[in-house]
């Protein structure tokens, strides 16, 4: 047999094993049988190929089907296979994904982490940033380069997509429309955008696949792919699997490289440039020394109604599963029940829950075919710290408030939020102390803060506080997003505070603190200390509040109208945000007094709650104490 025939014999054997492994998954007993499959053939192929390789490498005149570098790579791999022919057959250990467990690099190569995310909202980007921090720390004495790819379209591809024919970037427009609708609380527009998601997946799905494949061919030192966005997972996983299969197969590698060379010739002809394909932009270097790249999906929404994640996960081909891993939030189990469970019992409950959501990721016996790691979500370490070490409410709490520029500092001083003598530290923060006896509330209605709703909740708190006979000290922290001129929430709230203090409507016992973007080391202890937290039902926000909340949680709904029931407020949310809210309700449950800790509200229903709790008996009495952004009086009819 020639060396070419023996390499083919060996490659056919490996391909045959891979097909069987993909079909049966991670069943250890059956894997054990595979490793005993025709060992004589494997050993014979390896020995003979190594002998002829050694002869060929020492004979300059011999004709080779591979380059010297490729022969050297193959030789090293086959020698390694000879020593470790019988692999250990184990179900993969469920551990956090690390850089060292995926691919072997030479000392001169720089490992690259490819992060795929999306621009709409903050959750996907926060998960991407968390991935960057997490993986950068795991590689010691090496530089880690992070490629952040907003996959519609790739930022520096030679041909971005067919969208260029229209001279229009649909991705940027979609992000802007989404963020604007979030700020305005325009649920009608948001739902209309969600309703056409299936069309966008159909139109742009190939773009996701091509852009991912392009990035892998452009930087072939990639060791990990992390995906934090929701759509087209099957396309992205398929691209990673396709790259792995080409790189490990000399025939497919050469065929791909021929297409790349042909594609590059097309680019030189202006009339034919349109027909050049992005996926054939870079040649792939054949290598058996590098282990396959694996892609890890990090879910950024809680699983109750996360169909936008699960729909594409269900479409992943079974032969692509060996390259796929899933990092998923825990199943919705009551905190008090989880405290009584062992880690094994909780993992079993999580697996049972996800098997119903994505049955294609499990075999008939319920054993996962992939590595699945269950976590509290891609939230920052500060929240995990305060989950284990909650803030003591019987002690004063000191917070470091981040101030973007001197103008913000001046406004906070003028409104009495901080002392006039306060100065910014080198890290652009000022210290803020909260007494143990004070009532603490926080309002954070998403990364794109809903202006009208935030001001309405503040109005209600001002009115309710002024009606108390001997009010205790109250701190109301309002997260306003960016301070971008007089129409921003930060500016409007500062005007409201200034007017309220001058007119006497805001007493000294009520301290309203407007905030721009803050770091997790400020938000996490505030959430842990808060007696009441107002949040939107975004995935990351709900994960953070689940981790650290000790008080009551109000989840904001954009549905407008008086006398709406909680079910109606929940149904008005986007389906995955409703699932996030329901997950928080299921996990946090009730307090020691038997009262529910989580409630869905809108400004009108919260107005009504305060009326019932306070000494106010009529709508008009509360209305007297509102400023220009006052809540309307409650009407005795349902608004649909």
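Numbering (full-length UniProt numbering), first residue to last: 1 to 640. Backbone N, C-alpha and C define an ideal beta-carbon position, used for all residues, glycine too. Quick caveat: nothing in here was measured; it's all calculated off a predicted structure.
Out of 280, 299 and 356, which one is the CA nearest neighbour of residue 376? 299
Is it true that the CB of residue 368 sits closer than 9 Å to the CB of residue 223? no
Which first and last residues belong to the alpha helix (DSSP H) in which residue 608 is found? 603 to 613
So within the stretch 485 to 519, which uninterrupted beta strand (DSSP E) runs reach at least 3 residues, ignoring any that extend past its ends? 510 to 515
Where residue 395 falls, given that 16 or more other Cβ within 10 Å makes a residue buried: exposed
Are the CB atoms of residue 374 and residue 350 within a distance shorter than 9 Å? yes
If you draw a straight line from the C-alpha of residue 588 to the C-alpha of residue 255, how long is it? Just so you know, the alpha carbons of residue 588 and residue 255 end up roughly 56 Å apart.
If we ignore side chains and look at the alpha-carbon of each, how far apart do residue 210 and residue 239 end up? 7 Å
Relative to the C-alpha of residue 288, which candidate in 246, 278, 321 and 262 has its C-alpha closest? Ranking the options by Cα distance to residue 288, first place goes to 246.
Which residues mark the beginning and the end of the alpha helix (DSSP H) in which residue 258 is found? 250 to 267
Just curious, the beta strand (DSSP E) that residue 222 is in, first and last residue? 222 to 227
Rounded C-beta distance between residue 372 and residue 226? I'm assuming under 8 Å. Their Cβ separation, rounded to whole angstroms, is 15 Å, which puts residue 372 and residue 226 out of contact at 8 Å.
Secondary structure at residue 211, three-state DSSP: helix, strand or coil? helix
Alpha-carbon spacing of residue 123 relative to residue 546, whole angstroms: 15 Å
Measure the alpha-carbon distance for residue 291 versus residue 324 and round it to whole angstroms. 14 Å
Would you list the residues sitting across from residue 390 in a DSSP beta bridge? The partner list for residue 390 (beta bridge, DSSP) is empty, contrary to what the question assumes.
So, with DSSP's three-state summary, where would you put residue 462? helix
Between which two residues does the beta strand (DSSP E) holding residue 305 run? Unbroken run through residue 305: none, as it is neither H nor E.
With DSSP as the reference, label residue 556 as helix, strand or coil. strand
Any chance the stretch 436 to 445 sits against the stretch 530 to 546, with 3 or more Cβ pairs inside 8 Å? yes
In terms of residues, what are the limits of the alpha helix (DSSP H) holding residue 550? Counting along the chain, residue 550 falls outside any alpha helix (DSSP H), and DSSP gives it neither H nor E.
Please name the residue in 277, 365, 249 and 312 whose C-alpha comes closest to that of residue 229. 312
Since I believe residue 489 is in contact with residue 541 (beta carbons under 8 Å), could you give me their beta-carbon distance rounded to a whole number of angstroms? Wrong, their Cβ atoms sit about 17 Å apart, outside the cutoff.
Chain-order list of residues whose beta-carbon lies under 8 Å from that of residue 493 (same chain, five-residue window excluded): 454, 455, 458, 478, 480, 512 and 514
My guess is that residue 505 and residue 555 are in contact by the Cβ rule of under 8 Å, so how many angstroms apart are they, rounded? That pair is no contact at about 28 Å.
Mind checking whether residue 398 and residue 452 have CB atoms under 9 Å apart? Against a cut-off of 9 Å, the Cβ pair of residue 452 and residue 398 comes out as no contact.
Skipping 5 residues on each side, what residues in its chain have a beta carbon closer than 7 Å to that of residue 261? None.
For residue 313, which of helix, strand or coil comes out of DSSP? helix
Taking Cβ to Cβ, would you say residue 553 is nearer than 9 Å to residue 528? no
Less than 6 Å between C-beta atoms, sequence neighbours within five positions excluded: which residues of the same chain meet that for residue 487? none
Beta strand (DSSP E) containing residue 475: first to last residue? Counting along the chain, the beta strand (DSSP E) containing residue 475 begins and ends at 474 to 479.
Please name the residue in 612, 126 and 113 whose C-alpha comes closest to that of residue 380. 126
If you draw a straight line from the alpha carbon of residue 465 to that of residue 591, how long is it in whole angstroms? 24 Å
Please confirm if the stretch 318 to 337 is in contact with the stretch 263 to 272, defined as three or more CB-CB distances below 8 Å between the two stretches. no
Run of the beta strand (DSSP E) containing residue 239, from where it starts to where it stops: That residue, residue 239, is in no beta strand (DSSP E); its alpha helix (DSSP H) goes 233 to 247.
Quick check on DSSP: helix, strand or coil for residue 646? Residue coverage of the chain in this structure runs from 1 to 640, which leaves residue 646 outside it and unanswerable.
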